[in-house]
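Here's the structure, in structure tokens; my notes come after.
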Amino acid sequence: MDAAQVKALATELETTLGLLAALISELEGRRSEWSASPRIQELVHLLAGQPNLAELPAVLLRAHAEISAVMGGIRLTRETIEAHAVERIRDAKDKLSNVTSTTENATLELMNGLDRSLEMITQLEAQSTHAESSPQFQVLRDQVSALYNLLQFQDITTQQLEGVGHALLDLEVRVGAVSALFDRALGLRSATVAPPVEESSAHLAFNPDATMQRSRADQAAIDAAFQGARHGQSGSVDGVRA
Amino acid sequence: MKCLVVDDSATMRRIVVNALKSIGYADVVEAADGSDALQKCDASIDLVITDWNMPVMGGLDFVKGLRGNPQHARTPILMVTTRSVKEDIMQAVEAGVSSYILKPFTPQVLKEKIDQILSLPSGST
Chain G
1 MDAAQVKALA TELETTLGLL AALISELEGR RSEWSASPRI QELVHLLAGQ PNLAELPAVL
61 LRAHAEISAV MGGIRLTRET IEAHAVERIR DAKDKLSNVT STTENATLEL MNGLDRSLEM
121 ITQLEAQSTH AESSPQFQVL RDQVSALYNL LQFQDITTQQ LEGVGHALLD LEVRVGAVSA
181 LFDRALGLRS ATVAPPVEES SAHLAFNPDA TMQRSRADQA AIDAAFQGAR HGQSGSVDGV
241 RA
Chain W
243 MKCLVVDDSA TMRRIVVNAL KSIGYADVVE AADGSDALQK CDASIDLVIT DWNMPVMGGL
303 DFVKGLRGNP QHARTPILMV TTRSVKEDIM QAVEAGVSSY ILKPFTPQVL KEKIDQILSL
363 PSGST
């Protein structure tokens, strides 16, 4: 029902109620004619006792105006969600991708530098006339190799960021579902939004639970679990998440 | 000894290759995912080191595919991954993985595992 229809209905109601009020007044003026009937007396008393009947159309109009304002608020909220929340989620995902590619490029550059360092150590060792320097060159080589190995952080943090990106994607779908609910409230047609699918990370291109916090003890626990699995054992193993 | 290193991360491939070279394995072929690896894993490959989570084809499906090839039914396969849930280890064993290393790893652990799986009697991989 649109505003014009509501207004027409209100006018009609107002006219009807006005007629009713006139009838009641007329009945009041002819009290001597009907006062003998207890049934009529009761009816007139009931009608006359209804407060503000004549104001009902105005109340309905005010209610309509308030409902329209609420609908306008819902529409604005839906547009805000669409324009800001979804846009910001996409922006955050883009920034995460940018961080990933930037750190990957930087890590590869670091590796190039470490490779050159290892070559230089080998050259310096070959040119060195001091035999006693050889262990020092090996220490230096080990240090550079250790640095090289630490660069695994790039792969692991990339997997963590992929996990965050995946969570943002899930959030975007859920926000879309909320927008669709608003569309339904507004009587708009909306494409059906599929709920996010909960999936195991086993088939994803990343592990959201990747971590740098690993020790020899963790590897030992994995080894024990691996051996247990190979031999068909099923007990729990300390250090391995069940 | 020719090794195939499978990882979607270029940095991880380089780290694994570098670690392999540091422990004496210089003949290395690289692949960026399981599908690429299946194409590159010819009869000359003696050892496979693979990641688990990869696009296109993950490590687990790759291992299953490789084990389905009689040529590689007993080729040592080392899974190097961040996955540490017991269920993952069970799946890796069932797929045919020979040994399992957690990332981040050290070249020493890599060497230990390679020595271990290469010393296993034929058919135990």
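As given, the protein sequences belong to chains G and W, one line each in that order. Heads up, the first sequence is in this note's numbering, so the first residue is 1 and it goes up one at a time. Heads up, the second sequence is in this note's numbering, so the first residue is 243 and it goes up one at a time. Ideal placement from N, C-alpha and C gives every residue a C-beta, glycine not left out.
| Check | Outcome |
| --- | --- |
| Give me the subset of the stretch 247-281 of chain W whose CB atoms are less than 9 Å from a CB atom of chain G, sorted by chain position. | Asp249, Asp250, Ser251, Ala252, Thr253, Met254, Arg256, Ile257, Asn260, Ala261, Ser264, Asp275 |
| Is DSSP giving Tyr148 of chain G helix, strand or coil here? | helix |
| For Arg255 of chain W, count neighbouring Cβ atoms within 10 angstroms of its own Cβ and tell me buried if that reaches 16, exposed if not. | buried |
| What residues of chain W sit near His203 of chain G, judged by a beta carbon separation below 9 Å? | Asn295, Gly300, Leu302, Asp303 |
| Around the Cβ of Leu76 of chain G, are there at least 16 other Cβ atoms within 10 angstroms (buried) or fewer (exposed)? | exposed |
| On the three-state DSSP scale, how would you describe Glu55 of chain G? | helix |
| Over the uninterrupted alpha helix (DSSP H) stretch that includes Ile319 of chain W, give me the two end residues. | Here Ile319 of chain W belongs to no alpha helix (DSSP H); instead the beta strand (DSSP E) covers 319-323. |
| For Val173 of chain G, tell me which candidate among G:Leu17, G:Glu82, G:Arg30, G:Gln219 has the shortest Cα-Cα distance. | G:Glu82 |
| By alpha-carbon positions, which one of G:Leu114, G:Ala10, G:Ala217 ends up nearest to Pro57 of chain G? | G:Ala10 |
| Is the beta carbon of Lys93 of chain G closer than 9 Å to that of Leu169 of chain G? | yes |
| Roughly how many angstroms separate the alpha carbons of Gly73 of chain G and Glu66 of chain G, rounded to a whole number? | 11 Å |
| Quick check: the stretch 275-286 of chain W against the stretch 296-308 of chain W, are at least 3 beta-carbon pairs closer than 8 Å? | yes |
| Please confirm if Glu119 of chain G has its CB atom under 9 Å from at least one CB of chain W. | no |
| Report yes if the CB atom of Leu308 of chain W is closer than 9 Å to the CB atom of Ala268 of chain W, and no otherwise. | no |
| Output the boundary residues of the beta strand (DSSP E) element that contains Asp209 of chain G. | Counting along the chain, Asp209 of chain G falls outside any beta strand (DSSP E), and DSSP gives it neither H nor E. |
| Note down, in chain order, each residue of its chain lying with its Cβ closer than 7 Å to the Cβ of Met212 of chain G, except the 5 sequence neighbours on either side. | Phe153, Ile156 |
| What are the partner residues of Thr292 of chain W, as DSSP defines its beta bridges? | W:Val248, W:Met321 |
| Would Asn207 of chain G and Thr348 of chain W qualify as a contact pair, given that the criterion is a beta-carbon distance under 9 Å? | no |
| Can you look up Val339 of chain W in the DSSP assignment and give me helix, strand or coil? | coil |
| Give me the Cα-Cα distance between Ile24 of chain G and Val70 of chain G, rounded to the nearest whole angstrom. | 38 Å |
| To the nearest angstrom, how far is the alpha carbon of Lys282 of chain W from that of Val298 of chain W? | 15 Å |
| Considering only DSSP beta bridges, list what Glu272 of chain W is partnered with. | W:Val247 |
| If you measure between the beta carbons of Arg325 of chain W and Asp209 of chain G, is that distance less than 9 Å? | yes |
| Give me the Cα-Cα distance between Glu354 of chain W and His130 of chain G, rounded to the nearest whole angstrom. | 33 Å |
| If you drop the 5 nearest sequence neighbours on each side, which residues of the same chain put their C-beta closer than 6 Å to that of Ala63 of chain G? | none |
| Could you check if His45 of chain G is buried or exposed, using at least 16 other CB atoms within 10 Å of its CB as the buried criterion? | exposed |
| From what residue to what residue does the alpha helix (DSSP H) around Asp218 of chain G run? | 216-230 |
| Anything in the stretch 151-166 of chain G with a Cβ closer than 8 Å to a Cβ of chain W? List those residues in chain order, please. | Leu151, Gln152, Phe153, Gln154, Asp155, Ile156, Thr158, Gln159 |
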